[in-house]
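**Student:**
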Amino acid sequence: LIKEALIWKQLRHPNTVPFLGVIADDAHPFCYIVSPWMSNGHLTQYLAECPNADRLALINDIARGVDYLHSNNVVHGDLKGTNILIDDTGHACLSDFGISRMRIELSYATCSASVAGLTWTYAAPERVEPEAYGLEREHLLKESDIYSLSLVIWELFAGRKPFWGSCGSVIRQIMQGERPLRTKETARNGLSDEIWEIMTQSWQPDYKSRPPIGKILRRFQTILARSDSATKVPSDLYRLALLPIPCFRVFADLL
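If you're matching positions, the sequence shown starts at 23 in the working numbering and goes up one per residue.
(1) Which residue comes first and which comes last in the alpha helix (DSSP H) that contains CYS189?
(2) Check whether the stretch 146-165 and the stretch 202-211 are in contact - that is, three or more C-beta pairs closer than 8 Å.
(3) In whole angstroms, what separates the C-alpha of ALA49 from that of ILE55?
(4) Taking the DSSP output, what are the residues bridged to VAL13?
(5) Per DSSP, which residues does ARG107 bridge with? Please list them.
(6) Could you have a look at THR141 and say whether DSSP puts it in helix, strand or coil?
(7) Tell me where the alpha helix (DSSP H) around GLN223 begins and ends.
(8) Roughly how many angstroms separate the alpha carbons of LYS164 and ILE235, rounded to a whole number?
(9) Excluding the 5 residues flanking ASP228 on each side, which residues of the same chain have their C-beta closer than 6 Å to its C-beta?
(10) Runs of 4 residues minimum, wholly inside the stretch 151-180: which ones carry the alpha helix (DSSP H) assignment?
(11) Using a threshold of 8 Å, state whether the C-beta atoms of LEU80 and ALA27 are closer than that.
(12) Can you give the Cα-Cα distance for TRP225 and GLY199, rounded to whole angstroms?
(13) On the DSSP bridge list, what partners appear for THR38?
(14) Measuring CB atoms only, is the stretch 164-181 touching the stretch 92-100, in the sense that at least three cross pairs come out at less than 8 Å?
(15) Counting C-beta neighbours from all protein chains within 10 Å, is the total for LEU42 16 or more, i.e. buried, or is it exposed?
(16) Measure from the C-beta of ARG34 to each C-beta in chain D and report whether the shortest distance is under 8 Å.
(17) The alpha helix (DSSP H) spanning ASN82 covers which residue range?
(18) Looking at the unbroken alpha helix (DSSP H) that takes in ARG248, where does it start and where does it end?
(19) Could you compute how far the alpha carbon of LEU276 sits from the alpha carbon of ILE84?
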């Protein structure tokens, strides 16, 4: 854990959760990694409380975080909504990127604790059944993060997890090539044809066919630059609008 904490300490980026230190308690056989408290919670909670949040900006934050990890040859390995925290300014920050399984190698990241931390709902096919792809179970690929990212993006627009059911049912859906669908909810939340194209490319069954994070980031930066974010209600203002205010105060302010 200490070695992995030292690796985390070296990774500093606006879209990754900062490392503050490690606490060791002699009374317990555990060490605890300390990071800042994120009052807005994780991505899933944040979207439930702030449905008008700027989804394109959040996707850009997440992609920037993944791009930073991959540029440092680190594979997240368990990218999902609950591992993405929202800071006080509303920016997304990746957390748990490789805890108990992170080791930097020259060509790929190697799992140091079998498949610890793997969440089937967001797992790429090659992580579910690596032998079917000629891979060893302990190997983590950057392309697997790309697959998980596409499901996180779907969750951003759908407001729910991409797969439901028992563990066996989810695994069967993944290996049979089933993927989430576009719905009225995703359309209402701004899932465009261009974004859908990026997602479908990113969750290809063959990991070699998925685009690298740098290409994905550039496309989303272009989409974000074109979007009229100024017309969207900032999430903080939306939150303020939900506060109960006595009617007489509102009329007094108007007068």
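Glycine included, C-beta positions come from ideal geometry on N, C-alpha and C.
**Tutor:** With the structure as the only source:
(1) 189-197
(2) no
(3) 16 Å
(4) Limits of the chain in this structure are 23 at one end and 277 at the other, which puts residue 13 out of reach.
(5) For the record, residue 107 in the displayed sequence is Leu; it is not Arg. In DSSP, LEU107 forms a bridge with HIS64 and CYS115.
(6) coil
(7) 215-224
(8) 9 Å
(9) none
(10) 164-180
(11) no
(12) 9 Å
(13) LEU116
(14) yes
(15) exposed
(16) Going by chain labels, chain D is absent from the structure shown, which holds only one protein chain.
(17) 77-93
(18) 235-248
(19) Per-residue confidence for LEU276 stands at a pLDDT of 34, beneath the threshold of 50, marking its modelled position as unreliable; the derived number appears in the next sentence. C-alpha separation (whole angstroms): 41 Å.
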